[in-house]
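A quick write-up on the structure given underneath.
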Amino acid sequence: MNPDPATPRVFLVGAGPGSPGLLTLRAAEVLGRADLVLYDQLVPERLLDFAPPTARTVCVRDLPGQHPEKYPHIHQLLIETAQAGKTVVRLKGGDPLVFGRGGEEAEALRTAGVAYEIVPGVTAAVAAGAYLEIPLTHRNYASAVALVTGHELPNKPGNRLDWKALAAFPGTLAIYMGVARLPVIVAELLRYGKDPDTPAGIVERASWGEQRAVYSRLADLEEARRNAGLEAPGLILVGEAVRHRPPRPWFEGRPLFGRRVLVTRPSHQAGGMVRKLEHLGAVVSQLGGVEIREPADLGPLDRALEEVRDGGWDWLVFTSANGVHAVLRRLDALGRDLRDLGRVRLAAIGPKTADALREYRLRADVVPAGTFSSEGLAAALVPHVRGARVLLARANRGRDLLRKELAAVAAAVEQVTVYDQVDAVDASAAVLDAMRRGEIRYVTLPSSNIARAVLGAFDETIRGRVVRGEVKLVAISPVTGGDVRAMGYPVAAEADVFTEDGLVEAVVRLAAADGP
Ligand code: SAH
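Everything in the sequence shown is counted per the numbering used here, starting at -19 for the first residue and increasing by one.
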């Protein structure tokens, strides 16, 4: 078979050092149309959210065999999937061709006649440079960088590394996979005359909220590592460049650096908030709170949409972005379009809901200013809906306040369930174990329903931590805060603005008050 280079089936993709923002645009594009993602163990699983929900995802760890024996299985899976006409993304940490065996996989594909593309990634040394602010090159003291494997030791058969040349190298040494063999590496460099006072460091999880580094003179690096309790994997940096870093790199000065925050939304909805927290330096965990589904019975929604088309309702009121998407998706599924909304006036509970309408080129006639709650929406709507017929698009559960307040002035108010919320807390989730061990400090609660689902999954150990203030609950609004207290839990903070951004700001304020 002759590979058609214009339509590659396999993409050898660099995932970068960890932070999803460091994925390339091209990587996100090809992940977005993958049928299969075969990923390395060190690649954060969150990156798999860039793949379609229908894609199959396989971790190399789960293929048969121990390390070297795995390779034929990897090659076979790539080739067979591509030959079945499917698109495969082979996702590797950092760059696929820097200690990633990407070259060998490309060769196997070439031999099999499978067309491929290679997407580079930010390699660990480059990420460590940026996130620890170590200038890998500098015109005064580092005119070269060497990417070195710490795997090939002098006593290893077939060793191709020339430690004598590396000791004399006029620049920065970035040694990958070397932490476990640090004493031998240091001994080799010193044996060939490297100055024992050369500045050196070990960087762990560069670009993650947990990033850590330890520095010392080369001769003392192993001792410094041991004292700091740093273990493999990490990147060893040796050279004058290491001396020229600021006392605190920019990333470590971020307001949530190293803080452990729980986001309680299913991953396909959590993306924006998780990214914001990560940019602020946080270590983010996720726990699905509630899932959004099509209503079990679509009959009432379909009837309501017909009534809207026929002019039966004056106002259509949305209390969430989910509601907007549910209604417009259903309209589309019924083979109809925006014209059916005709002259109905639209209200949105807050800016996120109004933004969701804007995605369909619809403008909300009313969006309350200030507080984004049922109370705020009721107050904003009352002057508009006297004698009018008002339809509230809502979830299968929620508060009754809006209907009651509007019913006092409107000619008719009805609620229609446009989506179902289903509790989706997995009681066996690893993050609950992390909470039991005290590894999560802030829990964000973006709605009362989510709070109920999440707090319902807490056991006595977690409850004790919350009560003692070791785990802090942050509520999106006083209403949610009140519901949390009614469940017997203390609330550490409430957002000033009742949006996800407001929630993130509340965590930042709390973290500042908590001190380091
Ligand atoms: N292809 C990868 C390297 C794979 S070898 C790349 O281009 O980065 C694995 C080694 O990479 C680890 O032992 C460690 O030395 C280094 N590494 C990968 N990600 C890292 C990170 N975020 N911080 C520090 N070192 C990292």
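For every residue, glycine included, the Cβ atom is placed at its ideal position computed from N, Cα and C.
- Within the region 60 to 110, complete alpha helix (DSSP H) segments of at least 4 residues are found at 82 to 92, given in chain order.
- Cα atoms of ARG465 and ALA431: separation of roughly 11 angstroms, rounded to the nearest angstrom.
- Annotated three-state conformation of TYR195 is strand, per DSSP.
- TRP230 is classed as exposed because its beta carbon has fewer than 16 other beta carbons within 10 Å across all chains shown.
- Beta bridge pairing from DSSP links ASP400 with ARG273.
- Scanning its chain for C-beta atoms nearer than 6 angstroms, with the 5 sequence neighbours on each side dropped, one finds around THR299 the residues ILE329, ARG374, in chain order.
- Closest in alpha carbon position to GLY93, among HIS55, ILE114, ARG119, THR117, is HIS55.
- Contact check between the region 164 to 182 and the region 142 to 154: three or more CB pairs, one atom from each, fall below 8 angstroms, which counts as touching.
- Contact annotation: GLY233 and ALA262 have beta-carbon atoms that are not nearer than 9 angstroms.
- Secondary structure of THR244 (DSSP, three-state): coil.
- Going by beta carbons, VAL405 and GLY268 fall inside the 9 angstroms limit.
- Counting C-beta pairs with one atom in each stretch, the region 277 to 286 and the region 25 to 36 have fewer than three that are closer than 8 angstroms, which means they do not touch.
- For the pair ARG325 and ASP345, the CB atoms are nearer than the 9 angstroms cut-off.
- When DSSP states are grouped into helix, strand and coil, SER300 belongs to the coil group.
- In this structure, the beta-carbon distance from TYR19 to LEU71 falls below 9 angstroms.
- By the C-beta density criterion, ASN302 is buried, having at least 16 other C-beta atoms within 10 angstroms.
- Burial of GLY181 is indicated by the presence of at least 16 other C-beta atoms within 10 angstroms of its C-beta.
- Counted as a single uninterrupted DSSP element, the alpha helix (DSSP H) harbouring LYS384 occupies residues 381 to 387.
- Using a 10 angstroms sphere on the CB of ARG36, the tally of other CB atoms stays under 16, which defines it as exposed.
- In terms of CA proximity to VAL69, VAL38 leads the group LEU77, LEU372, VAL38.
- DSSP places HIS131 outside both helix and strand once states are collapsed to three, so it counts as coil.
- By the criterion of a C-beta distance shorter than 7 angstroms, VAL488 is surrounded in its chain by PRO235, LEU236, LEU260, once the five residues flanking it on both sides are discounted.
- With a cutoff of 8 angstroms, ALA108 counts as near ligand 1, since its C-beta is closer than that to a heavy atom of the ligand.
- With respect to the 9 angstroms criterion, PRO0 and TYR111 are not classified as neighbours on the basis of their beta carbons.
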